[in-house]
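Remarks on the structure that follows.
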Amino acid sequence: MNKSQKLFGVSLLALAISGCAVTSQPIERSASETRAQQDLQSMFKDQEPLSGPLTLHDAMARAVRYNLEGRLKVMEEALAQRQVDLATFDMLPRMALSAGYAGRDNVSASSSESVKTGTQSLEPSTSQDRNRRVADLTMVWNVLDFGVSYISAKQQGDQRLIVQERRRKVIHTIIQDVRSAYWRAVAAERLLKQIDSLMARVDQARGNSQRLSEQRIGDPIQALSYQRALIEATRQLEDQRRALSLAKTELATLINLPMGSDLTLAASEDYPVPELKVDLALLEQEALANRPELREQDYQARISAAETRKAMLRLLPGLEFAAGGHYDSNSFLVNQGWADYGVKVTWNLFNVLSAPAAIDVAKAGESVAQARRQAMSMAVLAQLYVANANFNEAQRQFHTSQELAGLDSQIAEQLRNRYQAQGIGELELIQGELNALQADLRRDLAYAELRNSYGQLFASVGLDPLPEQLPSTQLSAISEALASSEQRWEQGQLH
């Protein structure tokens, strides 16, 4: 090969390599903007509009139906079902169909040679056309592969059930998050207007004090101390407002409402205190039998046991049945179409060597699954007892906060009367009203924590707030089912 030929070969190789290079183009902003518009439309598509004040169970129903994380779990469950359907096809025989055209540029000929003398004993001859049409349809079924595929399909079915348990867990979490956000939003709705009104009064008092200071009326140190106390009151009110202002936004996110939606909550002015009417031992038994995490581990243990059976099956020889139909247009053939069939035993002898190790691994997986389930059972019991302790403590804290709120309210009323009689200054009245407002905030937040800990107690048991079958997918039907479940639990009926 001369130099020019080598150069041509290298150039051709470089051209081929550059042609195989892959480049990725950045996504244009217009495409991202289009995608954003489509997402905004699809996120809030086909949702029932708000028709009045939102109750707790209405909010839960909206979260169950519209929450995006819940939608994702529904899609994952549907995907798992399709994977089960796909796995069942692995149990069918393997069937292959091929058809085509075969040709060559010369005649396929051969001759024979004598083994003894080495001389040609047959002149070159052919028994095949240069161009042929061929077709084959072959079916092969291996009994061993069928058994392994059957067990794999059962494992895939257990995986689908695991996805269902995870969806149950997501629903429990979403409902509990909605409960917590709802009662904090109720506290915000009750107190934000009072905070804004008191902040306006504080600003007015600060303005009056600054004008008096500018006119040099009164003691300057006393005026500055007065302004400092008002600023400190403003800071406390701002902290309280910030803690409450995001509660409705969090609730709107959970129930998948567009940000900025006008949300009014339906809550009574009284504070009913829930009571636990179920024996703790019964809750223990229910939690160990019904928690989604433990039921998932039950399915994992069954999958591990099936893996052991698969390892043992691979020790056995496979019985394979084969049948097929064939066609060849070769004019030299007496029969251009024919069928064949056969039975054979296949056995991978190396499986005999590796199978004991595979069986040991599978059995170890069973032991790990059992140990994991026992450890999780202990964690579930701990969660139940922690939830019960939190509920009892929340009851005590609420009663204390309620008594303190009542006392501060009476003190604020007395200070208001004295201020009207010009017995005290405005700063003392503002401080008294601020103390009363803070006490109301602590009471409402304590009540929100009480309702949250009460719901967490049943969530730690794994009770399903919705029945397996709903009469309708309308929000009203879901809300009624949620309210009915909670009413039964409050009466001590778990089922």
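In terms of the working numbering, the sequence shown has 328 at position 262, counting the first letter as 1, and numbering is strictly consecutive. Even glycine gets a Cβ: it sits at the ideal position worked out from N, Cα and C.
- Looking from the CA of leucine 227, the closest CA among Leu360, Arg131, Leu536 and Leu379 belongs to Leu360.
- Beyond the five residues adjoining it in sequence on each side, glycine 213 comes within less than 7 Å, by CB distance, of Leu379 in the same chain, given in chain order.
- When DSSP states are grouped into helix, strand and coil, valine 527 belongs to the coil group.
- For serine 176, there is no enclosing alpha helix (DSSP H); the enclosing beta strand (DSSP E) has its first and last residue at 175 to 179.
- Taken atom to atom, the span from the alpha-carbon of arginine 294 to that of alanine 478 is near 21 Å.
- When DSSP assignments are scanned along the segment 184 to 212, the uninterrupted stretches of beta strand (DSSP E) that are 3 or more residues long and fall wholly within it turn out to be 186 to 192 and 197 to 208.
- Look at histidine 238 here: in three-state DSSP terms it is helix.
- Cα atoms of histidine 238 and alanine 525: separation of roughly 6 Å, rounded to the nearest angstrom.
- The C-alpha of glutamine 476 lies about 20 Å from the C-alpha of alanine 253.
- In this structure, the beta-carbon distance from valine 244 to alanine 125 falls below 8 Å.
- Of the candidates Leu296, Ala201 and Gln194, Gln194 places its Cα closest to the Cα of phenylalanine 398.
- In this structure, the beta-carbon distance from isoleucine 496 to alanine 266 does not fall below 8 Å.
- Annotation: leucine 385 is outside any alpha helix (DSSP H); the continuous beta strand (DSSP E) that includes it extends over 384 to 394.
- DSSP places alanine 405 inside the beta strand (DSSP E), whose first and last residues are 403 to 412.
- Around the beta-carbon of tryptophan 555, 16 or more other beta-carbon atoms lie within 10 Å, marking it buried.
- In the three-state reduction of the DSSP assignment, glycine 431 falls in the helix class.
- Beta bridge pairing from DSSP links leucine 331 with Leu120.
- The residue from Ala549, Ser433 and Ala448 with its alpha-carbon nearest to that of alanine 353 is Ala448.
- Per DSSP, the continuous alpha helix (DSSP H) segment holding tyrosine 365 begins and ends at 358 to 379.
- Residue environment analysis places glutamate 179 among the exposed positions, since fewer than 16 neighbouring C-beta atoms fall within 10 angstroms of its C-beta.
- For a cut-off of 8 Å, the C-beta gap from isoleucine 241 to alanine 313 is around 17 Å, too long to register as a contact.
- Using a 10 angstroms sphere on the CB of threonine 374, the tally of other CB atoms reaches 16 or more, which defines it as buried.
- Taking glutamine 366 as reference, the option from Gln436, Asp328 and Asp426 with the minimal CA-CA separation is Gln436.
- When the beta-carbon positions are compared, leucine 503 and isoleucine 490 stay at least 8 Å from each other.
- Taking C-beta separations shorter than 7 Å and ignoring five residues to either side along the sequence, the partners of aspartate 394 in its chain run Arg198, Val200 and Gln402, following chain order.
- Beta-bridge pairing by DSSP links glycine 489 to no other residue.
- Residue pairing by DSSP places tyrosine 167 opposite Arg199 in a beta bridge.
- Of all alpha-carbon atoms in Gly498, Gln468 and Leu516, the one lying nearest the alpha-carbon of tyrosine 485 is that of Gly498.
- Check the Cα spacing between isoleucine 425 and each of Ala372, Gly408 and Phe387: the tightest is with Ala372.
- In this structure, leucine 349 lies near valine 527, with their beta-carbon atoms less than 8 Å apart.
- Pairing valine 344 with glycine 558 gives a Cβ-Cβ distance under 8 Å.
- Of the candidates Ser538, Gln553 and Leu188, Ser538 places its Cα closest to the Cα of arginine 131.
- Look at phenylalanine 464 here: in three-state DSSP terms it is helix.
- In the DSSP assignment, serine 397 falls outside any alpha helix (DSSP H) and carries neither an H nor an E.
- By the C-beta density criterion, alanine 441 is exposed, having fewer than 16 other C-beta atoms within 10 angstroms.
- A direct Cα-Cα distance of roughly 12 Å separates leucine 122 from asparagine 518.
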